[in-house]
Structures are given as C-alpha cells and as structure tokens.
Amino acid sequence: MDRRDEFQGLTWLIPWVDVMELIEIGDVFVMNKLWSNTAYYIWATSCLRVHIRRLSAQQIRLSFLEYFKEHNHTYVPSSSVIPEDDSSVTFVNAGMNQFKPLFLGAKYTEGKLAALRNVVNWQKCIRIGGKHNDFDDVGRDLTHHTFFEMLGNYSFGGYSKMEACLYAWNFLTDVLKIPADRLYITYFGGDESMKLKEDRECRDIWIKLGVPEDRVLGFCSNHNFWEMAQTGPCGPCSEIHYDLIGNRKAQKLVNSSNPTVVEIWNLVFMQFSRLRNGFRTISEYCPRITLCL
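The structure is reproduced here in structure tokens:
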C-alpha cells in the first residue's frame, strides 16, 4: 500500500507513532528525523504538527547576500579555486583565502582589496588535501563534500565579536526561521598546549543574546580553533550546531560525529597568525563568519 494514501486528508496530528516512512504531502513535512543505514525515518513521541519552508540553495544564497548587504557589507565575487600568490594550500579551501593579506594586516590603496571593510561573498571551495582534507569523509556522513560553496561575511576591523555573533544568530532565527531551541553553540574553551586561555568573552556574548547556558559549550582546539594551513591566519572559533531531532537534550552529541546534530555555521575570530614556532597577535581584530551551502 502507498503510505501516502493512509494520510490523505489528515491535518498531520500524529499521536504516539513508533517508526514510519518519511511522507510528504504538499508543503508539510515531519522534521523529526532519525538516521538509519538506508533511509530517513520519523520518530514521533507525541502529537505534533509541523510546517516548514523549503528553500533551494539559490534562495539561501540570495537571502544570505541580501541580509549582509542590508547591513553594509560589500559583495565580492568568488575567486578561482586555484590560489593566487599563495603556496600554503593546493586549492582554495575557505572563503577567506582571497582576503588573507587583509587578515594579516596588509593595507591597500588600489586593487580589488583596497578600501574593503565589511565583506559578504560565496566562495567555491575544494578540500582534498592539506590541513582541511574532507576527502576521506565523503560518503561516510551527510555533510562532507570535496567541492562546496561557502557563504561568508568578513570584517577587517569593522565590527566587534558581539556584532558577529548577533548577525549569525539573527540570520538563522529571524531570516531562515530556524527554531532557536534546536541550536547549540560551541566556543573555544582554552588549550594549555597552545598556551591560550578560554574565550570567556564569546561565551558571555551568546548568553547575553539569550542562548541558555547549558547550550553554550566549551571545547579545546581540536574543535574550536580554526587554522587555514600549517602557517597563516588563525584564531578561536564559535560554531552553531543544529539538532535534527529536537525536543531533547543533545549536548553530548555536539562535536561527536553524530549525524543528527550537525554544524551549520562557524564564526572564526582571527586574532593570530600561526608561525612555524608559535603565534603572532594580529593588530586589527578580524572576524570571519561562514555558512556552508
């Protein structure tokens, strides 16, 4: 029997269902998903009625660009995936690559990097080697690809860490209408081996923005310190993770490679330049915020 026939005419109030097939009728979905080896399933433990907007990649891309243009960001087109004057990476692996000189404090009076302050773009990226190598993860989960588009907003001394967090939070919850109770925040919890302290400022900002304390989680450098390559711009980062299931406490699943809680946004606070024998503090604070598409 076609499972759709069983549900025609219902208003999608589903009481105490165990496991059933994913069914789509019009624009109504049940979003509580549980990953199995072969398919998506719905796990409904109470009555629910869910309506969602379905957005294409193009709609998300345009929404992102327009949002940051409205907040005084200059649009800069994607660069080639072949790095320009940069031998530290084989291919462009992040949206910030073409702005690397600005992150390191360079000043320009002419050329494409001149007078840039706050920037928004989408960047074609390839990750098949070097420090950010996603090749071995392709096919093993639902999130890694060797080629993808990175949506990014960047500021070269134009705004603070608070503003960077606020922009990300408002875009996800106000523009895309993602429920705030599905989101978890991570921040850099410090790392003794790197002689770097906890980013307490970041933690306090998220709590001030209304995120519950038990959803703001500190992690070490393996998860929350971003580096472009073995040398170059780097800094503590704060990630936003989305819980596909909802209605539960999923703190222990964050950064655990669990497919039901996935990272959707990364805010990198470029404060250092990695040298071969340590770090150099960058004079001008530069946040870099990215959403992968």
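For the sequence shown, this note's numbering begins at -4 and goes up steadily by one.
Glycine included, each C-beta is placed from N, C-alpha and C at the ideal position.
- Excluding sequence positions up to five before and after His236, its CB lies within less than 6 Å of the CB of Tyr179, Val249, Val256, Glu258, all in the same chain and listed in chain order.
- Within the same chain, Gly185 come within 8 Å of Lys192 by CB-CB distance, once the 5 residues on both sides are set aside.
- Counting C-beta atoms within 10 angstroms of its own C-beta, Leu270 has fewer than 16 neighbours from the protein chains shown and is therefore classed as exposed.
- Fewer than three pairs of CB atoms, one per stretch, sit closer than 8 Å, so the region 49 to 64 makes no contact with the region 72 to 84.
- Under the three-state reduction of DSSP output, Arg275 falls in the strand class.
- Of the candidates Ser252, Gly273, Arg275, Tyr62, Tyr62 places its Cα closest to the Cα of Leu167.
- The C-beta separation of Cys229 from Ser188 comes to about 15 Å, leaving the pair out of contact by the 8 Å criterion.
- In the three-state reduction of the DSSP assignment, Glu193 falls in the coil class.
- Separation of the CB atoms of Asn261 and Trp221 is rounded to 7 Å, and the pair is thereby assigned contact status at 8 Å.
- Counting of Cβ neighbours within 10 angstroms places Pro207 among the exposed residues, the total staying below 16.
- Rounded to whole angstroms, Trp117 and Phe214 show a C-alpha spacing of 28 Å.
- Contact check between the region 62 to 73 and the region 98 to 117: three or more CB pairs, one atom from each, fall below 8 Å, which counts as touching.
- Annotation: the continuous alpha helix (DSSP H) that includes Met157 extends over 156 to 165.
- Thr181 and His218 do touch by the CB rule: their CB atoms are close to 6 Å apart, below 8 Å.
- The C-alpha of Ile77 lies about 44 Å from the C-alpha of Asn242.
- CA-to-CA, the gap between Ser150 and Lys247 works out to about 32 Å.
- Comparing alpha carbon positions, the residue from Cys232, Val114, Asp238 closest to Glu196 is Cys232.
- In this structure, Gly90 sits away from Gly152, with a CB-CB distance that is not shorter than 8 Å.
- Apart from sequence neighbours up to five positions away, the residues of its chain that approach Phe130 with a beta-carbon distance below 8 Å are Arg122, Ile123, Gly124, Thr141, ordered along the chain.
- The secondary-structure analysis by DSSP pairs Cys120 across a beta bridge with Phe143.
- Straight through space, the alpha carbons of Asn67 and Gln93 are spaced by roughly 20 Å.
- Between Ile284 and Ala163, the C-beta spacing is below 8 Å.
- Judged by beta-carbon spacing, Cys160 lies beyond the 8 Å limit of Leu99, meaning their Cβ atoms are not closer than that value.
- For Glu208, there is no enclosing beta strand (DSSP E), as DSSP marks it with neither H nor E.
- Looking at the backbone, the Cα of Leu286 and that of Met145 are separated by about 6 Å.
- The bridge partners DSSP lists for Asp132 come to none.
- For the pair Arg198 and Asp238, the CB atoms are not nearer than the 8 Å cut-off.
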